Amino acid sequence: MPKILVVGSGGREHALAWQLARDGGAQLYAAPGNPGIASLARCLPIEATAISALASAAEQLHIDLTVVGPEAPLAAGLVDAFAACGLLAFGPTQRGSQLEASKVFAKNLMRRARIPTAPFAVFEDPADAAAFVRRLRRPAVVKADGLAAGKGVVVARDTTEAVSAIDALMARRVHGDAGARIVIEEKLDGEEVSVLAFVHGAHVWPLLPARDFKRAADGDTGPNTGGMGAVAPPPLPGGVMDQITAQILEPAAAAMAADGCPFIGVLYAGIMLTPTGPQVLEFNCRFGDPETQVILPLLDAPLADVLLDVVHGREPELRWANQSAVCVVLASGGYPGQFRTGLPISGLDAGSEDVVVFHAGTGLRGADVVTAGGRVLNIVARGASIPQASDRAYTAIPGIQFDAMQYRRDIGRSAAVAPVAPAIAGGGI
Ligand code: AMP
Ligand code: GLY
């Protein structure tokens, strides 16, 4: 039985541990994990970015495979450090992680590989950047080059907003050195879809598509968050997945390999389905959160085997349940602004055969589970359709309580699953 270490402490890592445990085919550890993960795995008190401590633990425990959730340890070189100790970790090397850690790197790669993405320019000087958006006369999107926990992107409504985003990122450095360089690109319109794929060098094996809901309030209003819910698979126009694979995922993997940094792990493409076809908004170098929470419960194959196959460059056996999944995030009141933590949570046993409660931001106070983050729990349900899965998730929620709990009421309902307009221009594949 392989020994697997899951690195991270959120809902995505709980979903990874849950799926690995479901197969019954692995002995599980997590670092640092959370109280939900602790029911499935032995949690080690090591932070996700403490790479040498993680490597020592993996050596001592004879871990066969380490699966990394968050981007920070990948960008800091966890996979390289593990390889230097003869340890196997699932994810790209530090160079491969540049696809997420540097928007300039990703945009230049897309330009070279002719991958459809918004036209862009790169700036190291705030005055040049401001002059550019004043000349542009079109809505601009301002992006910090480096990692900013999903908060380094401003979709500006007008020139004033774009200029103040440039000032915040570059002059005031609200995200530190991530804003030393910025990308300014044209705003794209359309529906978004997240397409994740297992990649080993030039080989690409797409997962089921998903859609996440980033705005805090119903109807996609309110401020951006780390994600208030997700559905899988969202209704997509016919041929779009093949188009995304052939025009985006395969050329990206091929370009990385040709550049001498073959990508191994999960490549996540954030895509806008525009009237002229799918275009890339961003690449991530890891499992999405909360997309993973709806994709993995639909995987009908042993995840440990799949991950080991991908790392070794063998074709994984990806079988998908003919079902849908919906994730509703229960968040702390006030999130994504100020919120309280340490509030007791009741009703955590609300799960059933079709509903799972993943812990995203929870902690322990004595024996009690308390809130410990902005996004606290992920209620994930499966069903024959997205509306059925959504109904099951929302039926489970009233049993769960903590002070000032907030959540969206429309995930998998109403506009959130309306079929999108055909997005194929220039012919499908
Ligand atoms: P990113 O981290 O680059 O994916 O950006 C975060 C979010 O900003 C995306 O999920 C989109 O909702 C939005 N976004 C990014 N780039 C663009 C763009 N060029 N046009 C419109 N929206 C964008
Ligand atoms: N769901 C967005 C992300 O994982 O970055």
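Numbering (this note's numbering), first residue to last: 49 to 477.
All C-beta atoms in this analysis are idealised placements derived from N, C-alpha and C, irrespective of residue type, glycine included.
Small disclaimer: the values here were computed from a predicted structure and weren't measured.
>> Within a Cβ cutoff of 8 Å, which residues of the same chain sit near Val55, ignoring the five residues on either side of it in sequence?
In response: Numbered from 1 along the sequence shown, position 7 holds the residue referred to as residue 55. These residues qualify, in order along the chain: Glu61, Ala78, Ala79, Ala96, Leu102, Thr114, Val115, Val116, Gly117, Pro118, Pro121 and Leu126.
>> Among Gly385, Leu346, Gln386 and Pro83, whose alpha-carbon lies nearest the alpha-carbon of Val374?
In response: Taking the sequence shown and counting its residues from 1, one reaches residue 374 at position 326. Closest option to Val374, Cα to Cα, is Leu346.
> Since His248 sits in a beta bridge, which residues does DSSP pair it with?
Replying inline: The sequence position of residue 248 within the sequence shown is 200, counting from 1. In the DSSP output, where bridge partners are listed per residue, His248 has His251 and Ile312.
> Closer than 6 Å from C-beta to any heavy atom of the ligand GLY: which residues, in chain order?
Replying inline: Gly198, Asp260, Gly275, Asn332, Gly336, Asp337 and Glu339
>> Quick check for students: name the residue ranges of the alpha helix (DSSP H) that lie wholly in the stretch 319-392, counting only runs of 4 or more.
In response: 339-343 and 351-359
>> Counting beta carbon pairs with one atom in the stretch 150-159 and one in the stretch 222-232, are three or more of them shorter than 8 Å?
In response: yes
> Where do the N-terminal and C-terminal ends of the alpha helix (DSSP H) with Arg220 fall, by residue?
Replying inline: Counting from 1 along the sequence shown, the entry for residue 220 is found at position 172. Element bounds for Arg220: n/a, residue is neither H nor E.
>> For Leu64 and Arg457, what's the separation of their Cα atoms in angstroms?
In response: Your numbering for residue 64 matches position 16 in the sequence shown. Your numbering for residue 457 matches position 409 in the sequence shown. Each residue's Cα considered, the two are about 26 Å apart.
>> Can you tell me whether Gly287 is helix, strand or coil according to DSSP?
In response: Indexing the sequence shown from 1 puts residue 287 at position 239. In the structure shown, Gly287 sits in coil (DSSP, three-state: anything other than H, G, I, E or B).
>> For Leu256 and Ile296, what's the separation of their Cα atoms in angstroms?
In response: By 1-based counting over the sequence shown, the position of residue 256 is 208. By 1-based counting over the sequence shown, the position of residue 296 is 248. The straight-line gap from Cα to Cα measures roughly 16 Å.
>> With a threshold of 7 Å (Cβ to nearest heavy atom), would Met320 be considered close to the ligand AMP?
In response: Residue numbering aside, residue 320 sits at position 272 when the sequence shown is read from its first letter. Yes, the ligand AMP has a heavy atom inside 7 Å of this Cβ.
>> Taking only three categories from DSSP, how would you classify Tyr442?
In response: Reading the sequence shown from its first residue, position 394 is the one you call residue 442. The answer is helix: DSSP assigns Tyr442 an H, G or I state.
> With Leu135 and Ile111 assumed to form a contact (beta carbons below 8 Å), what rounded beta-carbon distance in angstroms separates them?
Replying inline: In the sequence shown, the residue the question calls residue 135 occupies position 87. In the sequence shown, the residue the question calls residue 111 occupies position 63. So it is a contact: roughly 7 Å between Cβ atoms.
> Going by Cα to Cα distance, which pick from Ala123, Val418, Gly277 and Arg220 is closest to Ala197?
Replying inline: Here the question's residue 197 lines up with position 149 in the sequence shown. Considering only alpha carbons, the answer is Ala123.
> What separation, rounded to the nearest whole angstrom, lies between the Cα atoms of Asp215 and Asp353?
Replying inline: Indexing the sequence shown from 1 puts residue 215 at position 167. Indexing the sequence shown from 1 puts residue 353 at position 305. If I take the Cα positions, the gap works out to 48 Å.
> Who pairs with Asp10 in a beta bridge, going by DSSP?
Replying inline: Residue 10 is absent from the structure shown; the chain starts at 49 and stops at 477.
> Roughly how far, in whole angstroms, is the beta-carbon of Ala398 from the beta-carbon of Ala429, given that I think they are within contact range, below 8 Å?
Replying inline: By one-based count along the sequence shown, residue 398 stands at place 350. By one-based count along the sequence shown, residue 429 stands at place 381. Contact doesn't hold; Cβ gap of about 11 Å is too wide.
> By a C-beta neighbour count over all protein chains shown, 10 Å radius and 16 as the cutoff for buried, is Thr269 buried or exposed?
Replying inline: Stepping through the sequence shown from its first residue, residue 269 is reached at position 221. Flag for Thr269 reads exposed.
>> At the level of alpha carbons, what is the spacing between Gly249 and Ala379?
In response: For the purposes of this step, residue 249 is taken as the residue at position 201 of the sequence shown. For the purposes of this step, residue 379 is taken as the residue at position 331 of the sequence shown. Those two C-alpha atoms are separated by around 38 Å.
>> Using CA atoms only, rank isn't needed, just tell me which of Thr208, Ile163 and Arg160 is closest to Val181.
In response: By one-based count along the sequence shown, residue 181 stands at place 133. It is Thr208 whose Cα lies nearest to the Cα of Val181.
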